[in-house]
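Going by mature numbering (1 follows the signal peptide of the UniProt record, and there is no 0), the letters in the sequence shown line up with residues -27 to -1, 1 to 689, in that order.
Quick notes on the structure that follows.
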Amino acid sequence: METRNCLQFLTSLSLTLLCYLLHFSAADFTPADYYLLNCGSPTTNASSYNRVFLADGSSTTKSASLSTTTRSISLKNPNPSQDSPALYNTARVFTGGGDSIYRFHIRRNGTHLVRFHFSPFVSQDFNLNSAKFSVSVGGFLVLGDFSTQVVVVKEFVMKVEIDVLEIMFRPVNGSGFGFVNAIEVFSAPNDFIIDDGARFITASGATEEYTNLSSRVLETIHRINVGGLKLTPFNDTLWRTWIPDEDFLVFKYAAKRVATTDTPNYQKGGSTREIAPANVYMTAQEMNRENTSIGARFNITWDFPVGLGGARHLVRLHFCDIVSSSLNQLYFNVYINDYSAYKNLDLSTMAIHVLSSPWYIDFVVDSDDSGVMRISVGPSDLSTPLKMNAILNGVEIMKMVHVTGSKTGKKKKHVWILVGSAVGGFIILCLALLVVLLSCKCKKKKAKPRPAESMGWTPLRVFGGSSHSRMSEGTVSASPGTNGYERLKIPFVDLQLATNNFDKNLIIGSGGFGMVFKGVLRDNTKIAVKRGVPGSRQGLPEFHTEITVLSKIRHRHLVSLVGYCEEQSEMILVYEPAVDPLLNREQVNLAEWAMKWQKKGMLEQIIDPHLIGRIKPASLKKFGETAEKCLAEYGVDRPTIGDVLWNLEATLQLQESRSPREPREDGNENAPGLPIPSNAPQVSSGSERVEGVDGDGSSDLRTSQVFSQLITNEGR
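Structure follows, in structure tokens:
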């Protein structure tokens, strides 16, 4: 283990040093238009990542000017933090109901990047946290009713076809105000956004070509260095920031980081250093085939929050084969929102038969109501058993802005433009006639795109292996086997009848997964029905894990699983009810009731009377903190089962010994999802027994055995 950690450290150190060398050795891109403004500064320039932002109040700032119909104020942060960049120590504040406009003279039309830096602070009579305003670029509204309480950089990619680009700030109401700390406007390379070649994934799952992509206004939502470290603007020729992918992985056990110290082989027609820096292509995530518990075929999946509203997005995926020892070994599939986006991707053919050659593919996708963009890569049917793998190096997600307004700016018109248009129109007409004549002679039927299978989510393979899954067959899921699960199926119509069609008056609890209803089955069995949000993919790992775990064990302190329902894309779990009709409503949900006392710091007030005076306060405190983490509303915030077991062992040792084991989490008791240690903790001595369901203590299960049954690859 120490050797492995040493190798990982040396690899990271090598990549860090190499990124500095690449920064100086690579030919930097020189944009035709290049404006960096330090807003709110009267005369002082500011430096950031070896770039100089000129004071917007200085008369020496050429080709860029500020005009305002209302009062504009230069504001300085009176109490900047030590780690705050100098660029964020000042801000330009726009007051009143009028417009404030920055004007930039454009030397060359084409795609440009526009960035706004917002870092709110309090100074004089202004609290920038309460600012609310709109921003328009070139007459297009890009930020409406915008406000922020944190440091944020908003980046937009757009085609500029005017001589003077105007950026307008307008407070939302007459008494409001707006602000900005810094502005960047600069040209992008000609091939940064290409009109043709993007693959459009339709609502039915079909793949079509998307055209005129460069005419869209794009807002950057995510820029991810998959398998690598954070990259700062210093390491990027377009001064971008790339963040690691670890927080977006759905199943961390399915992925394995891989890195190389060899620089990528950039090829003509492929990616360039401006599309993505070399460091992005020198790291990746590949299938973790060393984890034998998840089977031979599975996908690596990432979930990226993109917000609600069903907007259209450009998804740019970056690939570079740094895992193969020779050509034509790597074939894999790409999925977006569980639809097949690219089948049998062969990087050797795409990269003109050169290994370690960077490439990227653009996809246009409509987000769904979940507010999440799901990206997966998995093995192809063309893969041989020994070469089964899939990789991803980088991800960029940009939202297509629904712009309003009209383009502004004056453009000189010359006579030769009219002449050129007339001649060009005549030539196009002749070519069109020629195409029609040729098409009449050589008419061929065009194959219709084959729609991918569509289903709201991926059903459990152990429950019949449904063929309606949009994902590949090997999607990671709990797979304990088929024995005993069929008998747990409950028809959806029976649950509708039991809950009076999920009557809201029968709700006894709620959480991140969904609502819990009380009900009665036809055989008069009283049940609690936990229904996931219909049609949502949220909670799928929890759904799988709950069935897997609770179907194996019985214990009087664990609610028994009666059955489940997965019909019509539902995710429903059915339990024995544990409801005492004499209890108050707040006590019906034991978890919610306990958490109320936990937050008050008075958990000891509601423990079993037989335990009063027998539990050490430190042990109870640790137990309450562990339970609180397990009950986090969203699965991503909950600890893994391994972390739970670790903390329960710490709780037990706090109770039984004077020198308890240190809680696992390396001093950060709020960090879920930490890696499971190589040696699984023994929760208790083998001599302890737990009572069976009938309460007579005759069960042969020991405490450690009960906990061992809870160990699964997925957290709750």
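Beta carbons: idealized from backbone N, C-alpha and C, even for Gly.
- For H85, the number of other beta carbons within 10 angstroms of its own is at least 16, and it is reported as buried.
- By the C-beta density criterion, L584 is exposed, having fewer than 16 other C-beta atoms within 10 angstroms.
- Around the Cβ of N52, a 10 Å sphere holds fewer than 16 other Cβ atoms; the residue is exposed.
- Of R347, G83, S96 and N82, the smallest CA-CA separation from V66 is found for S96.
- The closest CA to that of V374, considering only S54, L116 and N50, is found on L116.
- Cβ-Cβ distances below 7 angstroms link L300 to S321, H326 and L328 in the same chain, with the five nearest sequence neighbours on each side left out; the list follows chain order.
- For K229, the enclosing beta strand (DSSP E) has its first and last residue at A228 to A232.
- Each of A171, A257 and A227 was checked against the Cα of G201, and the nearest Cα belongs to A257.
- Under DSSP, A600 shares a beta bridge with no residue.
- Within a 10 Å sphere around the beta-carbon of G586 sit fewer than 16 other beta-carbons, which makes this residue exposed.
- Taking the Cα positions, G268 is about 20 angstroms away from G615.
- For Y254, the enclosing alpha helix (DSSP H) covers residues A251 to Y254.
- Using a 10 angstroms sphere on the CB of E515, the tally of other CB atoms reaches 16 or more, which defines it as buried.
- The Cβ atoms of P464 and P331 lie no closer than 7 angstroms to each other.
- For A623, the enclosing alpha helix (DSSP H) covers residues I614 to E629.
- In the DSSP assignment, M323 falls within the alpha helix (DSSP H) that extends over L320 to M323.
- If you ignore the 5 residues before and after M488, its C-beta comes within less than 7 angstroms of the C-beta of I480 and R504, all in its own chain and listed in chain order.
- DSSP places L355 outside both helix and strand once states are collapsed to three, so it counts as coil.
- For W332, the three-state secondary structure derived from DSSP is strand.
- Distance check between W619 and each of D294, A600, D610 and L604 places A600 closest, using alpha-carbon atoms only.
- DSSP places Y75 in the strand class (E or B) of the three-state scheme.
- Runs of the alpha helix (DSSP H) lying entirely within the stretch 239 to 324 and spanning at least 4 residues, in chain order: 251 to 254 and 320 to 323.
- Taking the Cα of P93 as reference, the smallest distance to any Cα among A104, G83 and H78 is reached at A104.
- Beta-bridge analysis with DSSP links D339 to R285.
- DSSP places F465 in the uninterrupted alpha helix (DSSP H) bounded by F465 to A471.
- Boundaries of the beta strand (DSSP E) harbouring I545: I545 to Y548, taken from the DSSP string.
- Distance from the CA atom of N306 to the CA atom of F336, rounded to whole angstroms, is 14 angstroms.
- Each residue's CA atom was taken as its position, placing L204 and P162 some 20 angstroms apart.
- Contact annotation: V253 and H291 have beta-carbon atoms nearer than 7 angstroms.
- R143: member of the beta strand (DSSP E) spanning V137 to P144, first to last residue.
- It is roughly 27 angstroms from the alpha-carbon of E259 to the alpha-carbon of F165.
- With a cutoff of 7 angstroms on beta-carbon distance, V368 and I197 are scored as near each other.
- In this structure, L287 keeps its C-beta atom at 7 angstroms or more from the C-beta atom of M346.
- In terms of Cα proximity to Q122, the closest of F91, E134, V145 and E139 is F91.
- Beta bridge pairing from DSSP links C538 with I545.
- Burial is judged here by how many other beta carbons sit within 10 angstroms of a residue's own beta carbon; G111 has at least 16 and is buried.
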